[in-house]
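*Asks:* What follows is a single structure, and I will ask about it in a moment.
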Ligand code: PNS
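Numbering (our numbering), first residue to last: 10 to 174.
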């Protein structure tokens, strides 16, 4: 397709939150094809397997026809080259995100000059939200249903049956 723009939205998505879904929806509105790319080998001990995160992301983006879910191992720029995508989308919630994101964007562009990172500002209602906070709420027995899509909440209940509905 001439002038077709493919972008990658990479992350850990452990688990996907309403903030991620907001970014995916808005990102999908800006490009022809959005690849949501799950990092496979994070040093962090994940709560959900890549297969579980793939299933959840497929379920919550089923209404977005130009969104594809994929996963990658190794460098993001190598995955971007493999998928022939030059645009990376990342969300910024607060000033605290800026420094890390700036470093990642500059490193990625230095390793692969055609890589351009585009930042979307998180919607105000999600500017405090992170997967880490969701996991903390859940493991401490709190109610996270306001912060994640229902398909994710169902899986959190399976992992932590004592959590609040
Ligand atoms: O959701 P996260 O954990 O903030 O996502 C971070 C992610 C996956 C985008 C980042 O860790 C990444 O791209 N990792 C792949 C390895 C890589 O390319 N590192 C060099 C870029 S600094």
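Backbone N, C-alpha and C define an ideal beta-carbon position, used for all residues, glycine too.
In whole angstroms, give me the CA-to-CA distance for residue 45 and residue 151.
*Replies:* 28 Å
*Asks:* By alpha-carbon positions, which one of 23, 38 and 105 ends up nearest to residue 48?
*Replies:* 23
*Asks:* Identify, in the order they occur along the chain, each residue of the same chain with its Cβ nearer than 8 Å to the Cβ of residue 63, setting aside the five sequence neighbours on each side.
*Replies:* 47, 78 and 80
*Asks:* Residue 146: buried (16+ other C-beta within 10 angstroms of its C-beta) or exposed?
*Replies:* buried
*Asks:* Nearest to residue 156 by CA position, among 130, 166 and 134, is which residue?
*Replies:* 134
*Asks:* Near residue 13, what residues of its chain come up, given a Cβ to Cβ distance below 8 Å and the 5 sequence neighbours on each side ignored?
*Replies:* 41 and 42
*Asks:* Residue 101 to residue 25, Cα distance in whole Å?
*Replies:* Going by the C-alpha atoms only, they are around 16 Å apart.
*Asks:* Any heavy atom of ligand 3 within a distance shorter than 8 Å of the CB on residue 102?
*Replies:* In terms of ligand content, the structure shown lacks ligand 3 and carries ligand 1 instead.
*Asks:* Does ligand 1 have a heavy atom nearer than 8 Å to the CB of residue 136?
*Replies:* no
*Asks:* Would you check whether ligand 1 has a heavy atom nearer than 8 Å to the C-beta of residue 190?
*Replies:* Only positions 10 to 174 of the chain appear in the structure, and residue 190 is not among them; the question remains open.
*Asks:* Can residue 130 be considered in contact with ligand 1, in the sense that its beta carbon sits closer than 8 Å to one or more heavy atoms?
*Replies:* no
*Asks:* What do you get for residue 115, buried or exposed, if any count of 16 or more other CB atoms within 10 angstroms of its CB means buried?
*Replies:* exposed
*Asks:* Identify the residues that DSSP records as bridge partners of residue 20: which are they?
*Replies:* 47
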